[in-house]
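Here my numbering is used: position 32 in the sequence shown is 32, and no number is missing along the way. Backbone N, C-alpha and C define an ideal beta-carbon position, used for all residues, glycine too.
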Amino acid sequence: MLEKVTRNLLSEIDLMVYDMAGTTVQEGGIVYKTLQTSMQNDGMAVSDEEMHPWHGAKKEAVIEHFARKAGTPEAELEERVIRVGNAFLESIDEAYFNEASPVDHIDIGLLGYFRQLKNVGIKIAFDTGYPESIQQGLITKLGFDKIADAYVSAYQVPEGRPFPYMIYNVMEKTNVMNVKRVCKVGDSVRDIEEGRNAGCGLVVGVLSGADSYEELAAAGADVVCERVTDLAVPKPRVQVNSLRLPDLS
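Following this line, the structure appears as structure tokens:
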């Protein structure tokens with residue numbers, strides 16, 4: 001049973017930080033399947049069960065893990081990670097950006113929902129484990145560039161999820177000072193861990209992608225819902241005019 005999502009849930013939030021694949025981007029798990037295949041094609045044994053815990057991780061970290069597991073000598077490790085990473089990038093670029101690509105918004109009303117949030121004063125940001133070129137391509141392809149206040153790739157910070165650095169990066173870009181007024185939303189355990197590690201005031205899991213309700217809740221999600229658009233848009237905020245003291249001179 002899902003947590004009840006109340007209308008006031010986002011009333012104290014200034015910034016939403018959304019994951020991409022499986023959270024705001026419907027891509028059918030292509031990114032994970034492509035990475036798994038790229039590693040298998042290079043001679044690594046990677047089962048579906050072994051791949052699952054790596055959802056949301058920076059791709060080089062995943063490749064390095066399975067390369068070590070396959071017994072890659074230390075002297076050859078970097079070369080193998082680069083080789084598999086390049087093969088992955090070539091394949092994912094074709095899968096995402098060819099004319100027949102199935103990649104789309106996670107919900108038909110997603111952009112309208114984002115505009116509603118912005119109309120009540122909430123900023124929108126995206127963070128991802130994608131390399132910068134893939135993220136930028138998706139941002140443009142899906143029209144997120146028209147609504148995003150900021151976005152960041154794990155390749156632009158010292159460490160990706162579950163480290164909190166991407167959240168701090170978009171807070172800096174959007175001039176949001178208080179992390180307690182930030183909501184992190186994602187479909188993987190690593191997303192939830194990222195939000196918790198950053199100290200976000202609200203961490204939300206969604207069931208549109210990688211992980212289950214039980215996994216997201218166990219990782220520390222405050223709320224779990226079917227998809228991002230299930231989070232109710234709060235009422236417009238009342239603008240309080242600052243008082244002017246009378247001139248007593």
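Near residue i, what residues of its chain come up, given a Cβ to Cβ distance below 6 Å and the 5 sequence neighbours on each side ignored?
i	result
residue 214	none
residue 3	Note that residue 3 scores a pLDDT of 43, beneath 50, so its modelled location is shaky; the value from the coordinates is reported in the next line. Counting only Cβ-Cβ distances below 6 Å, and skipping sequence neighbours, we find 223, 224.
residue 236	120
residue 176	14, 15
residue 41	none
residue 135	128, 153
residue 180	201
residue 55	188, 210
Would you mind working out which of the options sits nearest residue i, comparing C-alpha positions?
i	options	result
residue 144	121, 113, 69, 157	113
residue 104	156, 20, 159, 153	20
residue 51	41, 37, 42	37
residue 202	221, 189, 208	221
residue 187	93, 47, 207	207
residue 227	108, 84, 75	108
residue 12	122, 209, 85	122
residue 137	74, 110, 94	94
residue 25	217, 209, 219	209
residue 268	218, 55, 141	As displayed, the chain neither begins before 1 nor continues past 249, which places residue 268 out of reach and without an answer.
residue 155	178, 135, 131	131
residue 35	90, 74, 179	90
residue 92	178, 133, 49, 48	133
Taking C-beta to C-beta, are residue i and residue j nearer than 9 Å?
i	j	result
residue 81	residue 70	no
residue 88	residue 17	no
residue 204	residue 117	no
residue 182	residue 191	no
residue 27	residue 96	yes
Leaving out the 5 sequence neighbours to the left and right, which residues in its chain are closer than 8 Å to residue i when beta-carbon positions are compared?
i	result
residue 1	Caution applies to residue 1, whose pLDDT of 38 falls short of 50 and renders its modelled position unreliable; the value that the coordinates give is listed next. So the list is empty, once near-sequence residues are dropped.
residue 57	129, 160, 161, 190
residue 9	202, 223, 231, 232, 234
residue 139	126, 145, 148, 151
residue 77	64, 67, 68
residue 217	205, 224
Give me, in chain order, the residues of the same chain whose beta-carbon lies closer than 7 Å to that of residue i; leave out the 5 immediate sequence neighbours on both sides.
i	result
residue 115	147
residue 150	125, 170, 173, 174
residue 85	59, 60, 63
residue 101	95
residue 39	46, 63, 66, 84
residue 23	106, 185, 186, 187, 206, 208, 209, 228
residue 44	66, 67, 70
residue 157	165, 166, 169
residue 72	80
What residues are listed by DSSP as bridge partners for residue i?
i	result
residue 15	123, 182
residue 153	128
residue 21	25
residue 223	204
residue 104	26
Does the segment 190-207 touch the segment 161-168, meaning 3 or more C-beta pairs lie closer than 8 Å?
yes
Sufficient close CB pairs (3 or more, under 8 Å) joining the segment 27-39 to the segment 212-227
no
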